[in-house]
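Those protein sequence lines, which keep their order, are chains A and B.
Note that this note's numbering has the first sequence beginning at 59, numbered continuously upward.
Note that this note's numbering has the second sequence beginning at 852, numbered continuously upward.
Beta carbons are placed, not taken as given, at the ideal position from N, Cα and C, and that holds for glycine.
Okay, so here's the structure we're looking at.
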Amino acid sequence: DQQVKQNSPSLSVQEGRISILNCDYTNSMFDYFLWYKKYPAEGPTFLISISSIKDKNEDGRFTVFLNKSAKHLSLHIVPSQPGDSAVYFCAANTGFQKLVFGTGTRLLVSP
Amino acid sequence: DTEVTQTPKHLVMGMTNKKSLKCEQHMGHRAMYWYKQKAKKPPELMFVYSYEKLSINESVPSRFSPECPNSSLLNLHLHALQPEDSALYLCASSPLARAGAEEQYFGPGTRLTVT
């Protein structure tokens with residue numbers, strides 16, 4: 059039972075353009091969401107988070123949007139850079155210190 | 852400083868060996884976590900320590916034994932593992948200030964191979 063889903067296993071974008079990574083969840087009780095970036099052979103790096111009391115949170119080039127009625131969140135990266143190439147995981151905090159991760163989207167930003 | 856360190860970086864062990872993975876953080880975080888990640892899969896939670904006490908065990912086999920000697924250190928003792936236990940083992944920590952709404956910070960992981 060996959061409670062957090064990332065339906066796109068991969069995404070290719072040109073440098074300078076916008077990258078949009080999507081995530082859906084099934085449990086309406088989830089109220090805190092996070093995005094992590096992961097390079098091969100490294101641990102996940104925290105990028106940005108959003109609480110369900112907001113519908114948008116911005117940090118530099120990264121913006122996360124939350125649509126609670128659709129149980130959907132997205133991460134926008136503008137402008138995309140080659141160094142952004144990595145696997146991106148969205149995660150939901152269940153409220154009991156447990157993060158439930160999506161299956162990840164591999165982003166490739168080409169020069 | 853948001854650094855979580857893990858040693859060793861790589862570990863190869865036989866099925867009869869006993870080994871330990873170590874994790875350390877100096878951010879004053881009061882929760883620490885062990886995750887397991889198989890190739891092309893998301894991290895899966897194994898154990899959570901809150902205030903140095905085991906608070907969550909996700910039905911992990913007893914061949915994995917966690918230990919939290921103090922608020923900065925977390926160990927994972929391994930014994931009689933199976934080849935299917937080969938994976939990247941990740942340690943994480945979080946402040947425990949807002950348990951349902953806070954970030955976890957991950958270490959680089961230990962790549963474990965069981966032969």
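Say whether chain A places a C-beta atom closer than 9 angstroms to the C-beta of residue i.
i	result
B/V855	yes
B/K963	Sequence inspection shows Leu at residue 963 of chain B; the Lys mentioned does not correspond to that position. So, not an interface residue.
B/C942	yes
B/A882	yes
B/V899	yes
B/L939	yes
Using CA coordinates, which residue listed in the options is at the minimum distance from residue i?
i	options	result
A/L133	A/Q72, A/F154, A/G162	A/G162
B/E953	A/G118, A/Y146, A/H130, A/L105	A/L105
B/F898	B/N908, B/P934, B/L963, B/K889	B/N908
B/G951	A/E73, A/Q60, A/I78, A/D89	A/D89
B/V855	A/S68, A/G101, A/Q64	A/G101
B/S871	B/P917, B/P959, B/N921	B/P917
B/L862	B/S910, B/R949, B/H928	B/H928
B/H880	B/P859, B/P893, B/E903	B/E903
A/I111	A/M87, A/G118, A/R119	A/M87
So with CB distances below 8 angstroms, who are the chain A contacts of residue i?
i	result
B/E954	L92, F104, S107
B/S906	Q155
B/G960	A99, E100, G101
Considering only the beta carbon of each residue, do residue i and residue j sit closer than 9 angstroms?
i	j	result
B/N926	B/K887	no
B/S945	B/Y884	yes
B/C919	B/Q857	no
A/L157	A/L92	yes
B/A938	B/K889	yes
A/P169	A/P140	yes
B/T961	B/P934	no
A/A128	A/K96	no
Closer than 7 angstroms by beta-carbon distance: list the chain B residues that pair up with residue i, in chain order.
i	result
A/E73	Chain B residues near A/E73: none, gap ~26 angstroms exceeds 7 angstroms.
For a contact defined as C-beta to C-beta under 9 angstroms, what are the partners of residue i on chain A?
i	result
B/F957	Y94, K96, E100, G101, P102, T103, F104
Cβ closer than 8 angstroms: which chain B residues qualify as neighbours of residue i?
i	result
A/F147	P893, P894
A/T161	K892, P893
A/Q151	Here the sequence assigns Asn to residue 151 of chain A, which means Gln is not the residue at that position. Residues of chain B passing the Cβ test: G951, A952, E953.
Report the neighbours of residue i on chain B: residues whose CB is nearer than 9 angstroms to its CB, in chain order.
i	result
A/L165	The contacting residues do not exist; A/L165 stays about 15 angstroms from chain B at best.
Which residues in chain A sit within 7 angstroms of residue i, going by Cβ to Cβ distance?
i	result
B/S913	The premise fails here: B/S913 is roughly 21 angstroms from chain A at the closest Cβ pair, so nothing lies under 7 angstroms.
Three CB pairs or more closer than 8 angstroms across the segment 145 to 153 of chain A and the segment 59 to 79 of chain A: Verdict: yes, contact present.
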